[in-house]
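Working notes, beginning with the structure itself.
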Amino acid sequence: MYDVNLPKSHSPVFPERCVRCGANSESYSLRIWTHSIGWWTVLGVFGRGFKVRVPACRGCGLRIRVQRVGELIAIFTITILVMFFVGPFLDEVVPRALRRWVAVGLVVVCMSPWFFWENFFPPYIGMTAYSKSVDYEFRDFDYASDFAELNSDAEWVKIE
Ligand SMILES: [Zn+2]
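Residue numbering for the sequence shown follows my numbering, starting at -13 and increasing by one per position.
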């Protein structure tokens, strides 16, 4: 993944082509929320929502959305299953103060095949919001560098 970090206040300008297949994206765009929900959700930490419109043709937009929604469903399902089946057992053997952390650990372990998968098949577009900045993550290097160039008026841009 190629990350471009921009200040949160900067509204990002995307290259005018589909983020997934590179086709001219006419006028269709995909609204994407940051990954403010993830495995850390079980800690009760909800990041502030942050959304941008990303150019994508219709088919690609749908695929990206399905992947992202599927991701969330997988995380929630696994979290609920862990809580439901392992929770009562945890109550007996784990001290109260540690229970939350043990639960987080279990969810992360259950999710690890998916993390592994994502490492080899990274999503085409991802975002991570921090308190003052946002990381825009791209699978495609050319797309990432064009994006960085279009936003070079922002205070600090870097590609990692
Ligand atoms: Zn496309």
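From the three backbone atoms N, C-alpha and C, an ideal C-beta is built for every residue, glycine too.
| Query | Result |
| --- | --- |
| Close-in-space but distant-in-sequence residues of the same chain around I111 (CB under 6 Å, 5 per side omitted) | V5 and V40 |
| Start and end residues, alpha helix (DSSP H) containing M97 | R82 to F106 |
| Validate contact between the segment 123 to 141 and the segment -4 to 3 using beta carbons, cut 8 Å, 3 pairs | yes |
| Within 7 Å, strictly: CB atoms of A89 and C43 | no |
| Environment of L16 [buried if 16+ CB atoms lie within 10 Å] | buried |
| Where the beta strand (DSSP E) containing Y(-12) begins and where it ends | Y(-12) to P(-7) |
| Sequence ranges, alpha helix (DSSP H) only - wholly within the segment 36 to 83, length at least 4 | 44 to 67 and 73 to 79 |
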